[in-house]
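Some notes on the structure that comes next.
2 protein chains.
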Amino acid sequence: MRALITDLYELTMAAGYFEAGKTQERATFELFVRKVPENRPFLIAAGLEQAVDYLLQLRFEEEEIAYLRRSAPLRGVPEAFWDYLRGFRFSGDVFAMPEGTPFFAGEPVLVVRAPLIEAQIPETYLLATIAFQSMVASKAVRVVECAAGRAVIEFGTRRAHSPEAGVLAGRAAYIAGCAGTSNVEAGYRFGIPIYGTAAHSWVQAFPSERKSFEALQSLLGEGTVYLIDTYDTIEGARQAAALGRPLWGVRLDSGDVVGLSREARKILDAAGLKDAKIMVSGDLNEQKVCEIVRAGAPVDAFGVGTELATSADAPNLAAVYKLAEIDVLGIKRYTWKFSPEKTTLPGAKQVFRFADRDQIGCHWECPGPNSEALLKPVMIGGRLVQELPGASRSRDYCAQAVRRLALPRPVRFSEDLLALAERARVKFDSAQERSS
Amino acid sequence: MRALITDLYELTMAAGYFEAGKTQERATFELFVRKVPENRPFLIAAGLEQAVDYLLQLRFEEEEIAYLRRSAPLRGVPEAFWDYLRGFRFSGDVFAMPEGTPFFAGEPVLVVRAPLIEAQIPETYLLATIAFQSMVASKAVRVVECAAGRAVIEFGTRRAHSPEAGVLAGRAAYIAGCAGTSNVEAGYRFGIPIYGTAAHSWVQAFPSERKSFEALQSLLGEGTVYLIDTYDTIEGARQAAALGRPLWGVRLDSGDVVGLSREARKILDAAGLKDAKIMVSGDLNEQKVCEIVRAGAPVDAFGVGTELATSADAPNLAAVYKLAEIDVLGIKRYTWKFSPEKTTLPGAKQVFRFADRDQIGCHWECPGPNSEALLKPVMIGGRLVQELPGASRSRDYCAQAVRRLALPRPVRFSEDLLALAERARVKFDSAQERSS
Chain A
1 MRALITDLYE LTMAAGYFEA GKTQERATFE LFVRKVPENR PFLIAAGLEQ AVDYLLQLRF
61 EEEEIAYLRR SAPLRGVPEA FWDYLRGFRF SGDVFAMPEG TPFFAGEPVL VVRAPLIEAQ
121 IPETYLLATI AFQSMVASKA VRVVECAAGR AVIEFGTRRA HSPEAGVLAG RAAYIAGCAG
181 TSNVEAGYRF GIPIYGTAAH SWVQAFPSER KSFEALQSLL GEGTVYLIDT YDTIEGARQA
241 AALGRPLWGV RLDSGDVVGL SREARKILDA AGLKDAKIMV SGDLNEQKVC EIVRAGAPVD
301 AFGVGTELAT SADAPNLAAV YKLAEIDVLG IKRYTWKFSP EKTTLPGAKQ VFRFADRDQI
361 GCHWECPGPN SEALLKPVMI GGRLVQELPG ASRSRDYCAQ AVRRLALPRP VRFSEDLLAL
421 AERARVKFDS AQERSS
Chain B
1 MRALITDLYE LTMAAGYFEA GKTQERATFE LFVRKVPENR PFLIAAGLEQ AVDYLLQLRF
61 EEEEIAYLRR SAPLRGVPEA FWDYLRGFRF SGDVFAMPEG TPFFAGEPVL VVRAPLIEAQ
121 IPETYLLATI AFQSMVASKA VRVVECAAGR AVIEFGTRRA HSPEAGVLAG RAAYIAGCAG
181 TSNVEAGYRF GIPIYGTAAH SWVQAFPSER KSFEALQSLL GEGTVYLIDT YDTIEGARQA
241 AALGRPLWGV RLDSGDVVGL SREARKILDA AGLKDAKIMV SGDLNEQKVC EIVRAGAPVD
301 AFGVGTELAT SADAPNLAAV YKLAEIDVLG IKRYTWKFSP EKTTLPGAKQ VFRFADRDQI
361 GCHWECPGPN SEALLKPVMI GGRLVQELPG ASRSRDYCAQ AVRRLALPRP VRFSEDLLAL
421 AERARVKFDS AQERSS
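If you read the sequences in order, they're chains A and B.
Be aware that the first sequence starts at 1, since it is given in this note's numbering, and climbs by one per residue.
Be aware that the second sequence starts at 1, since it is given in this note's numbering, and climbs by one per residue.
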């Protein structure tokens, strides 16, 4: 049911490859990000689980094929192609950086090696899956760093780019170190901790703030978080303090949160509620979190929504999925694209992480035991090599990988890859001349 | 299956309202955008069809309820609430601006009037649905305007915030005037025209550019669009011209497209292909489209992707869903939130569009035949009032509404609404004092 979530040209090309007899050619496509946005020292890979799930389940249903047959560019395509599409399964190999891996511009984060058509059709879906979650994870890792040990909860579903994007944003943010999300479906589907107590409408739905607080306390007990800024934050803090235990604490969602959190702290402390916590939310991002932390505000947790779930300062990654080589019955052809601004290097690659640098090399290189090959086998022959780790283990992996990552980190091409590129270029130029 | 795509606090509050005996209270919530982003003279409403579809189908499945019962904040909730959730249906009323309606900051674009719990639970999903599609539509209407009659195709799925966001971005862009989308699922699901022929990988998958062009022409005939910038744009244009008819035209995806389109035009014309068209794509937005059009470049169509599908210069709308009033057995209580930066006006509203201004008034006002009430009944008692118009008719509606919209357009509150707000404030203050 997701097979049609793709750009039409993937299917037009599939039909063309089929017509041109290219079903036996094996292609290697590489997914990488051309440029890392400002204010991101590195990116965090995420979305692999959804990408693999898609590849494992990719089928064209009869009704979808009927629709394609009626569509203008595919109307003349011979019956044999539709039969091919009916039997379509992804039978290829996937290599990828594990979710949570820090990566840099130009480094393939996912590699697909499959019969040409099988590798081409998933392009759009894979890009939208990996680029989006990696974008959110890369923003989240910054917010978490700025929070300096205080919990960060992802709150952004309402402003996400569709409800489903909100679910996946919660997942990506968690992998990158958030403590959890407000999105219940993300909890249900991925086992992520979920958080949330009450909104301003709760306070408003009762005849007075105090009555709303009493009702909340009776419902949630030790989990009670009073939202104290609906009418007047200081007065709200007093009402919360007056109700005493049980409570978790209070949340501020507007105003000068540094000053207000100090006032609220004093009020809570004066009421003997020294262990009551203060959470802050409301249009936060990593800079604001940094400022609040640096100001020494007595804040125990942050709720970060819109800017995190939409990566507002860099709301897309320049992710591409490029053909690196084609293997026709064992003979390799290395592929290039050298438009002025958009040159890519040919050949299937591997990314090697050394203590002090990354090296992008040919996939067959063995630069020795001091480096780790970041692209791991994920699927072989259309099947999972092993169970994927899931969001929680990916989160642990991410924390460890970020901790170990020495920065700044040059990213270099290997000698072998540069030599291969040069040979491929010479060969390509002569082929173009022959055919003109 | 979408019931859990919500913020946890919606469900916590639902449990609390249930406990507090508030199942008979009827609430009116209003969804509006606090602030229109820069470079958007107005916003375009979109997403209503998906919002309504969600409300019609909203159910909690047994497995989802089992998950909620295990979740920390809901663990102590009495059995009666879970029974309530098992039988949950949205039985309320919805008023909304039709998709394609231009709107402004502070104007409710969707109003939900329902038993309090039924109105509260959908908040997150409704916001993520309406705000996202309205955001994309509001960007698209600008791009289409800048294209000054040339076709604009939405190309952005690969950079969208998840594959599903790509589908919905294609829909929203079409409503706002795009000619179609590359997203096949958007075509399948919503009947939107779909476009797409071949990528750079197609050109690379053949031993030479020329062979790839021949294969494309043989596949697509009059629909052939040669992508000519894989290696050298001018040489690509020559190869395309040499192949002659049939073709639709060529596409440029990089470089100085103004200059290159002129060169390509000359080459095509010289080959007698005056009716062959030129399409331009590659990191476009409304400003670049304007520049290309103003430079008089011979461009017939634009493919606009990333910046459109992610609304890159304003990647979220400050959309909120606020409680306006509560009706307890016929007695109304008007609700306020007056935190410093975020004041809202109480009372259920209507938006009246006059020739030269908009007026936000009380929902019962009748300001006369020279104005149109923009919020129309969509659902009554949980049922659709009438079939929604679908993407194509919404697109016609949008074009007409935008054409008729005189700008600049002041947005004022009515006298009655301001008077109601003042009365509500006085009443509220005395209630707070009594309860303290």
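A virtual CB, placed ideally from N, CA and C, is assigned to each residue, including glycine.
All of these numbers come straight from a predicted model, not from anything done at the bench.
How is the alpha helix (DSSP H) around A:SER135 delimited, first residue to last?
-> As a position in the first sequence, residue 135 of chain A is number 135, starting the count at 1. Rather than Ser, the amino acid found at residue 135 of chain A in this sequence is Met. For A:MET135, the uninterrupted alpha helix (DSSP H) run begins and ends at 123-147, by DSSP.
Is the distance from the Cβ of A:ALA165 to the Cβ of B:HIS161 below 8 Å?
-> Reading the first sequence from its first residue, position 165 is the one you call residue 165 of chain A. Reading the second sequence from its first residue, position 161 is the one you call residue 161 of chain B. B:HIS161 is positioned such that its CB atom lies closer than 8 Å to that of A:ALA165.
Touching by the beta-carbon criterion (3+ pairs, under 8 Å), the segment 98-117 of chain A and the segment 398-406 of chain A | Yes, the segment 98-117 of chain A touches the segment 398-406 of chain A.
B:GLU64 CB to nearest chain A CB: under 8 Å?
-> As a first step, residue 64 of chain B is located in the second sequence; it is residue number 64 there, counting from the start. For B:GLU64, the nearest beta carbon of chain A is closer than 8 Å to its own beta carbon.
Residues bridged to B:PHE302 by DSSP?
-> To locate residue 302 of chain B, count along the second sequence from 1; it is residue 302. For B:PHE302, which the question treats as bridged, DSSP gives the partners B:VAL152, B:VAL280.
For the putative contact between A:ILE130 and A:ALA242, defined by C-beta atoms under 8 Å, what is the C-beta separation to the nearest angstrom?
-> If you number the first sequence from 1, residue 130 of chain A lands on position 130. If you number the first sequence from 1, residue 242 of chain A lands on position 242. With 8 Å as the limit, A:ILE130 and A:ALA242 do not qualify as a contact, their Cβ atoms being about 51 Å apart.
Could you say which of A:THR23, A:PHE413, A:ARG171 lies nearest to A:SER392 if we only look at CA atoms?
-> By 1-based counting over the first sequence, the position of residue 392 of chain A is 392. Cα-wise, what sits closest to A:SER392 is A:ARG171.
By Cβ distance below 8 Å, which residues in the same chain neighbour A:ASN316 in space, the five residues on each side in sequence not counted?
-> Locating residue 316 of chain A in the first sequence gives position 316, where the first residue counts as 1. Closer than 8 Å at Cβ, skipping near neighbours: ALA131, MET135.
Assumed close pair A:VAL77, A:ALA96 - CB separation to whole angstroms, cut-off 8 Å | Mapped onto the first sequence, residue 77 of chain A falls at position 77. Mapped onto the first sequence, residue 96 of chain A falls at position 96. In fact, because the Cβ distance is near 32 Å, the residues do not count as touching under 8 Å.
DSSP state of A:THR344, grouped into three classes?
-> Start at 1 with the first residue of the first sequence, and residue 344 of chain A comes out as number 344. Strand, per DSSP.
Which class does B:MET13 belong to by DSSP, given the choice of helix, strand or coil?
-> Within the second sequence, numbered from 1, the residue matching residue 13 of chain B stands at position 13. Look at B:MET13 here: in three-state DSSP terms it is helix.
Does the beta carbon of B:TRP202 sit closer than 8 Å to a beta carbon anywhere in chain A?
-> Taking the first residue of the second sequence as position 1, residue 202 of chain B is located at position 202. With its beta carbon less than 8 Å from one in chain A, B:TRP202 belongs to the interface.
Contacts that B:ILE5 makes with chain A (C-beta to C-beta distance below 8 Å) = As a position in the second sequence, residue 5 of chain B is number 5, starting the count at 1. Simply THR157, PRO163, GLU164, GLY166, VAL167, ASN183, VAL184, GLU185.
Count the C-beta pairs between the segment 411-426 of chain B and the segment 108-125 of chain B that are closer than 8 Å, then say yes if the count reaches three, no if not.
-> Touching, no.
Taking DSSP as the reference, what is the three-state secondary structure of A:PHE190?
-> Position 190 of the first sequence, counting from 1, holds the residue named residue 190 of chain A. A:PHE190 carries a helical assignment under DSSP once its states are collapsed to helix, strand and coil.
Are the beta-carbon atoms of A:LEU308 and A:GLY156 separated by less than 8 Å?
-> The residue labelled residue 308 of chain A in the question sits at position 308 within the first sequence. The residue labelled residue 156 of chain A in the question sits at position 156 within the first sequence. Taking the C-beta atoms as reference points, A:GLY156 is found nearer than 8 Å to A:LEU308.
Can you name the start and end residues of the beta strand (DSSP E) that A:ASP396 belongs to?
-> On the first sequence, residue 396 of chain A is found 396 positions in, with the first residue counted as 1. Segment 390-404 is the alpha helix (DSSP H) holding A:ASP396; no beta strand (DSSP E) there.
B:LYS332 versus B:PRO346, B:VAL94, B:GLU123, B:LEU216, residue with shortest Cα-Cα distance | Position 332 of the second sequence holds residue 332 of chain B. Sorting B:PRO346, B:VAL94, B:GLU123, B:LEU216 by C-alpha distance to the C-alpha of B:LYS332 places B:PRO346 at the top.
Taking 8 Å as the CB-CB cut-off, is B:MET279 touching chain A?
-> Looking up residue 279 of chain B in the second sequence gives position 279. It does not; no Cβ of chain A falls within 8 Å.
How is the beta strand (DSSP E) around A:TYR334 delimited, first residue to last?
-> Working through the first sequence from its first residue, we reach residue 334 of chain A at position 334. Here the beta strand (DSSP E) through A:TYR334 covers 331-334.
Give a yes or no on whether 8 Å exceeds the smallest Cβ distance from A:ALA147 to chain B.
-> In the first sequence, the residue the question calls residue 147 of chain A occupies position 147. Residue-level contact by beta carbon fails for A:ALA147 and chain B, as no gap is shorter than 8 Å.
Taking B:ASP327 as part of the alpha helix (DSSP H), name the residues at either end of that continuous run.
-> Start at 1 with the first residue of the second sequence, and residue 327 of chain B comes out as number 327. The continuous stretches of alpha helix (DSSP H) do not include B:ASP327, which lies in the beta strand (DSSP E) extending over residues 319-328.
Output, in chain order, the set of chain B residues within a Cβ distance shorter than 9 Å of A:GLN120.
-> Here the question's residue 120 of chain A lines up with position 120 in the first sequence. Correct list: ALA199, SER201, TRP202, ALA205.
For B:ILE121, I'd like the list of residues in its chain whose CB is within less than 6 Å of its CB, leaving aside the five on either flank, ordered along the chain.
-> Here residue 121 of chain B refers to the residue found at position 121 of the second sequence. Closer than 6 Å at the Cβ level, and outside the excluded window around B:ILE121, lie GLU10, ALA14.
Residue span of the alpha helix (DSSP H) that contains A:TYR67, given as start and end = Along the first sequence, one-based indexing puts residue 67 of chain A at 67. For A:TYR67, the uninterrupted alpha helix (DSSP H) run begins and ends at 62-70, by DSSP.
Beta-carbon gap between B:SER254 and A:GLY187 smaller than 8 Å = For the purposes of this step, residue 254 of chain B is taken as residue 254 along the second sequence, with counting starting at 1. For the purposes of this step, residue 187 of chain A is taken as residue 187 along the first sequence, with counting starting at 1. No, they are not a contact pair.
Would A:GLY149 be called buried (16 or more neighbouring beta carbons within 10 Å of its own) or exposed?
-> Translated into positions along the first sequence, residue 149 of chain A becomes position 149. Answer is exposed; the Cβ neighbour count stays below 16.
Hey, is A:GLY223's beta-carbon within less than 8 Å of any beta-carbon in chain B?
-> On the first sequence, position 223 is the one that residue 223 of chain A refers to. Nearest CB-CB separation between A:GLY223 and chain B: below the 8 Å threshold.
For the candidate residues B:GLN359, B:ASP429, B:TYR321, B:CYS146, whose alpha-carbon lies nearest to that of A:TRP202?
-> Locating residue 202 of chain A in the first sequence gives position 202, counting from the first residue. Looking only at B:GLN359, B:ASP429, B:TYR321, B:CYS146, the smallest Cα-Cα distance to A:TRP202 is reached by B:TYR321.
Could you tell me the boundaries of the alpha helix (DSSP H) in which A:GLU79 lies?
-> Counting from one through the first sequence, the residue named residue 79 of chain A turns up at place 79. Where A:GLU79 is concerned, the enclosing alpha helix (DSSP H) stretches over 79-86.
Give the range of the alpha helix (DSSP H) segment to which A:ARG171 is assigned.
-> Residue 171 of chain A sits at position 171 when you count from the first residue of the first sequence. Counting along the chain, the alpha helix (DSSP H) containing A:ARG171 begins and ends at 163-175.
Candidates B:CYS362, B:GLY191, B:ILE278, of which the one nearest B:GLN350 by Cα | For this step, residue 350 of chain B is matched to residue 350 along the second sequence. When only C-alpha atoms are compared, the closest one is B:CYS362.
Alpha carbon of B:THR310 to alpha carbon of B:GLU145, nearest angstrom = Within the second sequence, residue 310 of chain B is the residue found at index 310, counting from 1. Within the second sequence, residue 145 of chain B is the residue found at index 145, counting from 1. Cα to Cα, B:THR310 sits roughly 18 Å from B:GLU145.
Should A:GLU222 go down as buried or exposed, given a rule of 16 or more other Cβ atoms within 10 Å for buried?
-> To locate residue 222 of chain A, count along the first sequence from 1; it is residue 222. Exposed, since its Cβ has fewer than 16 Cβ neighbours within 10 Å.
Closest by CA to A:ALA215, which one among B:TYR17, B:GLY259, B:LEU8?
-> Here residue 215 of chain A is taken as the residue at index 215 of the first sequence, counted from 1. Measuring C-alpha to C-alpha distances from A:ALA215 to each of B:TYR17, B:GLY259, B:LEU8 identifies B:TYR17 as the nearest.
Can you tell which of A:ALA66, A:GLY382, A:PRO73 has the C-alpha that lies nearest to the C-alpha of A:LEU85?
-> Here the question's residue 85 of chain A lines up with position 85 in the first sequence. Scanning A:ALA66, A:GLY382, A:PRO73 for the CA closest to the CA of A:LEU85 turns up A:ALA66.
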